[in-house]
Structure formats: C-alpha cells, structure tokens
Amino acid sequence: MSSIKDIQEEIKEEFMQFEDWMERYEYMIDLGRSLPLIDQAYKTDEYIIKGCQSKVWVYAELNDDKLVFTADSDAIITKGIIAILIRAFSNQHPSDIMNAETGFIDEIGLKEHLSPTRANGLVSMIKQIKLYALAFQTQIKES
Amino acid sequence: MHKTDFPVEKYRKDFPILERKIGKYPLVYFDNAATSQTPKQVIEAISNYYATYNSNIHRGVHTLSNEATDAYEQSRKKIQVHFNAAHPHEIIFTSGTTHAINLVASGFKNFIKDGDELIVSALEHHSNIVPWQMLCEQTGAVLKVIPMLQSGILDMKAFDQMLSDKTKLIFCNHVSNALGVINPISELIEKGHSVGAAVLIDGAQAAPHIQANVQELDVDFYVVSAHKMCGPTGVGVLYAKEEWLNKLPPYQGGGEMIAEVSFEKTTYAGLPHKFEAGTPNICGGIAFGAALDYMNAIGIKNIAEYENELLTYATTRLKEIPELRIIGDVAHKTAVISFVVEGVHPYDIGSILDKMGIAVRTGHHCAQPIMDFYQIPGTIRASFSFYNTFEEIDRLIEALKRALSMLL
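Protein chains in written order, with the working numbering: chain A, 1 to 143; chain B, 144 to 551.
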C-alpha cells in the first residue's frame, strides 16, 4: 500500500507530462469519469459540500482501520478534482489523512482552484476530507 | 458583412484592459452584465481626483474642498440630466443598486402594515427580493410574485389579477440580469399607480443600453449602479420623486445628513443630504459623471443599435450548436444571452472557456428563482458591450465547440 506522499508524487509526475492546460483538463475530465461514485443513498443534503456553482457529495466509511471515500458532483471538472483528492487520501489511515500535506494540488497546476472564494469549493473538499479523518480517528481512539 | 459603421476599434483603444492576455489568448470579455470595463477617460478622472483635489466635500472653506464639492455636485447634475429627473436633489448617491433598494425598503417600514401586499416579479436579482422579504417579515405584509412564462417574459395577465387596493409597492427590474429580457415597466408603473401603489424599477441592467426617462415613465424610484455603465464599483444612485424623499425617513444617521444636532433633538438636512450620511464615495461619484459623459459622447442609442447587431449575430451562431438551448430567447432583450447545453454543467463550460481567454459568467446569476423555474443548476451567460466585436463572438463559438468536444 502506497503512502499518501507516494501517491501524491505519482499524481505530480502524471501531471508533469502535460504540455498545456487542455491536456491537463482532458485528463481531469477522464479522472472525473472514473471517480468512485457515492452510493445514491448518501447523495443527500447531509453529505453535500456547499460550493457556489456545482454540487459535491462526499461520503466516508471505515474499512478495517482505513478510511474509504466515495463522491460525486454534477460538474465533470469538479468530479476530476475530487477524484484526485480521493486517489490521494482514500484507503488510508485517518491519522495519516489528518497529517497529510496538500501542497501537491498547487504543484499540479490546480493552484487557481485553491482560493477559498473560488466557485468549485476545492478548499471545502479538503476541509471535509480532513474533518472525516478527524471524526473517525476520534471514533477509533474511543473504541 | 455587418451593416454597422460603428467605430468599435476606435472605442476599444479607450479600454486598456482589452489589451490583456489570459494565458496566451487575448482577453474576450463577455461578462459585461456583471461589470463593465472602464475607459481611460474615467480612469483619468479617478487619478486626477486623487492627484489634484482629493478632499472632503461640503462645508469646507479651502480650495480643494470647494473643487471636490463642485465636481461631486456637477456629477449629480449630470446624472439628473441623463435620467431626466426634475431636480438634482432627487438623485441620491448610494454605494450601488443594492444599497439604494435597501434604503427604500427600510423607509417603507413606516408606510406598510399587516395585510398590505407587495408585488415582485419572478425575474428579479436577489437584491430586489431579499430587502422586500425583510420588510414583509417586519410589517406582516404579503409578498406576491408575478410569475414568468416559459419564454422568459412576465405573465402580465397574472399581474392584472393580483393588483388590488391592498397593493402598496411593486418592484421589478427594467432588464433581467439573468436573461436580458426587457420588462414592460411602463405598463407596471401605470397599472400600479391606478391602484395607488408606488413602483420601484431596478435599472442596473438597463442603464448601459437604454436611457430611462424617469419623468416620462412617471416612476417613483429608479436605481442604478455606476459600474455597469463604464463607471467604478461602489457607487450608484437612487432616483426618487421629491415627494417620496420628503416622506421617507433617513436611512442612516451620521454626519452630512443633519441640519442641527443637540442631545435633545436633531433636525435633518434637506434633500439630498438627508439620505447621504457620512463621507460618501466622492471620487466614485465624480467618476460616475465622467462615465456618463463618455457613454453619452458615443450615444446610448448608437450603443444599443450596435449591441443589438452583436446580439443577433451571436444568437444565430450559437444556434449552430445543436445541444445548446438559449434561455429567454425573446425579441425584446438587451445584449445578453443565457444558455445551457444539455448534459453539461455550466461550470465546466465556463472553466474551459476561461482557459481560452473568454470571460463569461456561469451559475445562477443571483437569480435562483429563475433557475428553479427552468429546473437548471444555472446558465452560461455571455453579455456584450459596445467594445465587443463580431470576431470575438466567432472566438466564443470556436471555444464553445472545443469545450463541448471535451465535455460531451
């Protein structure tokens, strides 16, 4: 099992091959199409991350001691962004997710999506993933 | 070939921002309904103010203050003349349209009682909905909504039926920001007055394309923002009939708006200062005047005529794309096209267009009720101004086709 850091390095390498924005976006769209989709039952307001323009749902559950994320969005580029996050953070231990750096987003050229005022809510997605990790970490400790 | 002999290339030179590149692409700015760009004549008015006569206005004894006061009051006069108000003091400077609407809504608290009715159109921007909802909550008045038809126009038959002697206020935009549809405001005003209701028209979207004549319209309140018409952000005006301004209480207390202050009793200043508490956006007010001078030198009619040609051309070309559907494709509209593409989220299209240097707006355009009506998450809105060109529309079409080849 690769560490979060290793996966982030992998993603960075993939994105470095692209010569222009178009290839990068095409790849993100492909990633969006392969996103591990959230169970329809969880596609409710309870699991929604409020962004301004596109809706994003993220669900997390523990599988042994690893946290597994599924998600969906009504916009394909947003799906691509969440797919990148899920690839980096899913199937990892909650404490590792909590402590993980998120600088790779910047390095793969998605910096423009990072500002908290942006419409796609990337910052909110990262925050939500970290909050899930925190909640499940607390749950593990208590049990 | 296009009919027009409108010298667009000449005017484009007035806008330094149009020389910008986004990545490797020259900027195509089609978000004019959100804010218009600023010509160098207005930028110079702003820089000249700060460089040569920046000072606080009214009651100053020194030269700079007198110059600033004169320039500010001249600007008020220009705005009065532009909208054909009867008096300069019927023009109240505000921070923009939203502030102006809130000023009126707040003032009406004293005149609205439980059971009174307010009528709003379904085509409104949130800024012309929420202040009135707040007024209704405070007073017990009922908010009624003129429904819209599938085509994007207001259902005026339904309006006729909801009018009664309980109707106290009607508010509607002159032009819908989300769709560009021009509303039948003369009819709304006339029928509103026939039952004794006051009428407020939000002219924010209309002002860059249509020169409203407030006396001819006989409208009670007309509100605009400078930044939609080549002026700076943070300044706008409320036009109100003198009799209303005399009736309405001050909106905010502070300096500028008083005649005399003691701890026992304060008397308010006369019009327009009663509604202009505190140091205003002096530079913004002056620059608004400069923006009007700029637009009037070109002529609003000439602007509208050229923009209409852009609209017709863009509409025809957009219809080449079979999956694309224009929302509010009516005859009577300004140079705004709102559209959706079946199976694609507006946000995705907007993001990819941006990568090709094309600025459009996507989303609900602060008019969620309209999106709910069409059951869509939002639209892509391209809004044109007189400094846009037919070639830029060609670039939009090419970019759209490319985006859709990636997304569909």
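Yeah, the Cβ is synthetic: ideal placement off N, Cα and C, and Gly gets one too.
All figures in this text were calculated on a predicted structure; none of them were measured in a lab.
- Secondary structure within the region 154-208 of chain B: the alpha helix (DSSP H) runs of 4 or more consecutive residues, fully enclosed, are 183-191 (chain order).
- Apart from sequence neighbours up to five positions away, the residues of its chain that approach E485/B with a beta-carbon distance below 6 Å are E466, ordered along the chain.
- Residues V247, L343, A383 of the same chain have their beta carbon placed closer than 6 Å to that of F364/B, with the five preceding and five following residues left out of the count.
- Under the three-pair Cβ rule at 8 Å, the region 344-351 of chain B does not count as touching the region 408-417 of chain B.
- For T138/A, there is no enclosing beta strand (DSSP E); the enclosing alpha helix (DSSP H) has its first and last residue at 122-142.
- When the beta-carbon positions are compared, S73/A and K79/A come within less than 7 Å of each other.
- Beyond the five residues adjoining it in sequence on each side, T212/B comes within less than 8 Å, by CB distance, of I200, H201, G203 in the same chain, given in chain order.
- Non-local C-beta neighbours of R33/A in its own chain, meaning closer than 6 Å and more than five positions away in sequence, are absent.
- Short of 7 Å from the beta carbon of Q137/A, and not among the five residues preceding or following it, lie these beta carbons of its own chain, in chain order: P94, S95, M98.
- In terms of beta-carbon proximity, A100/A stays away from the interface with chain B, with every pair separated by 7 Å or more.
- In this structure, the beta-carbon distance from Q92/A to I4/A falls below 7 Å.
- Between the region 418-429 of chain B and the region 496-515 of chain B, the count of C-beta pairs closer than 8 Å stays below three; the two stretches do not touch.
- Interface annotation, S481/B: not in contact with chain A, CB-CB separation never under 7 Å.
- G239/B carries a coil assignment under DSSP once its states are collapsed to helix, strand and coil.
- When the Cα atoms are used, P159/B and R219/B turn out to be separated by approximately 27 Å.
- Identification of chain A residues near K498/B by a Cβ-Cβ cut-off of 8 Å yields W21, M22, Y25, ordered along the chain.
- Closest in C-alpha terms to V473/B, from the list L322/B, S368/B, E534/B, comes L322/B.
- In the three-state reduction of the DSSP assignment, I540/B falls in the helix class, which pools H, G and I.
- Between the alpha carbons of A229/B and L414/B lies a gap of roughly 13 Å.
- For V285/B, the CB contacts under 6 Å within the same chain, skipping 5 residues up- and downstream, are E260 in chain order.
- With respect to the 7 Å criterion, V68/A and S54/A are not classified as neighbours on the basis of their beta carbons.
- Contact of Q139/A with chain B is not assigned, every C-beta pair being separated by 7 Å or more.
- Put simply, the backbone Cα of F104/A is about 12 Å away from that of E14/A.
- A135/A counts as exposed, since fewer than 16 other C-beta atoms from the protein chains shown sit within 10 angstroms of its C-beta.
- The region 263-274 of chain B and the region 392-399 of chain B do not touch, with fewer than three beta-carbon pairs separated by less than 8 Å.
- Around M549/B, the beta-carbon contacts reaching into chain A at under 7 Å are Y25, E26, I29.
- Contact check for T505/B against Y517/B fails: the beta carbons are separated by 7 Å or more.
- The beta-carbon of I77/A is placed less than 7 Å from the nearest beta-carbon of chain B.
- Leaving aside the five residues that flank A177/B on each side, the residues in its chain whose CB is nearer than 6 Å to its CB run, in chain order, R504.
- When the beta-carbon positions are compared, T181/B and H352/B stay at least 7 Å from each other.
- For S124/A, no CB of chain B lies under 7 Å from its own CB, so it is not counted at the interface with that chain.
- Excluding sequence positions up to five before and after D174/B, its CB lies within less than 7 Å of the CB of A502, V503, R504, S526, all in the same chain and listed in chain order.
- Interface criterion met: the Cβ of S54/A is under 7 Å from a Cβ in chain B.
- Using a Cβ-Cβ cut-off of 8 Å, D45/A is close to nothing in chain B; its nearest Cβ partner there is about 15 Å away.
- Close partners of S494/B in chain A (Cβ separation under 7 Å): I77.
- Closest option to G377/B, judged by alpha-carbon separation, among L391/B, T240/B, E333/B, N356/B: T240/B.
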